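Going letter by letter, the sequence shown gives residues 1 to 93 in UniProt numbering.
Glycine residues also receive a C-beta, built at the ideal position from the N, C-alpha and C atoms.
Computed from a predicted structure; not experimentally measured.
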Amino acid sequence: MSQDEREFTVRLRGVGPDQYADIVNAVWMQMRAIGCDYCTVTPDEQSDAAALDGRWDEYSRVSWTEGGRGGTPQAQAARAHRTHSRRSAGTDT
1 MSQDEREFTV RLRGVGPDQY ADIVNAVWMQ MRAIGCDYCT VTPDEQSDAA
51 ALDGRWDEYS RVSWTEGGRG GTPQAQAARA HRTHSRRSAG TDT
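As structure tokens, then:
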């Protein structure tokens, strides 16, 4: 490791494979979200890359238009905002 590199370790106890995959994917996603294109997230030796990818793919099944009780809270809020904006503009169609 060079002088300009930094590293930290997180140890997890009592997490199952899905929760582990959620944590690893969330850390990777957060690092990307803050513009950390120069970092790596390295899962442990017990990890199955295909399982981590599969868990990531499951996140896309969260839908803004589908879901219980009329969609996700985000979808409901967006729909309410659009409806309110249309009514305010007099174009409620």
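* **R13 - DSSP class collapsed to helix/strand/coil** => Indexing the sequence shown from 1 puts residue 13 at position 13. The answer is coil: DSSP assigns R13 none of H, G, I, E or B.
* To do: Leaving aside the five residues before and after Q46 along the sequence, list all residues of the same chain whose C-beta is less than 6 Å from its C-beta, in chain order.
  => In the sequence shown, the residue the question calls residue 46 occupies position 46. So no residue of the chain qualifies.
* Residues near V41 by beta carbon distance below 8 Å, same chain, minus five either side -> As a working note, residue 41 is residue 41 in the sequence shown. V24, V27, W28, M31, listed in sequence order.
* Could you round the C-beta distance between D22 and R61 to whole angstroms and report it? I think they count as a contact, below 8 Å. => Locating residue 22 in the sequence shown gives position 22, where the first residue counts as 1. Locating residue 61 in the sequence shown gives position 61, where the first residue counts as 1. Rounded, the Cβ-Cβ distance is 14 Å, inconsistent with contact.
* Asked: Given a threshold of 16 other Cβ atoms within 10 Å of its Cβ, counted over all protein chains shown, does L52 qualify as buried or as exposed?
  -> Along the sequence shown, one-based indexing puts residue 52 at 52. Counting Cβ neighbours within 10 Å, L52 comes out buried, since at least 16 surround it.
* **Span of the alpha helix (DSSP H) around G54** => Counting from 1 along the sequence shown, the entry for residue 54 is found at position 54. It spans 49-59 - the alpha helix (DSSP H) in which G54 sits, taken as one unbroken run.
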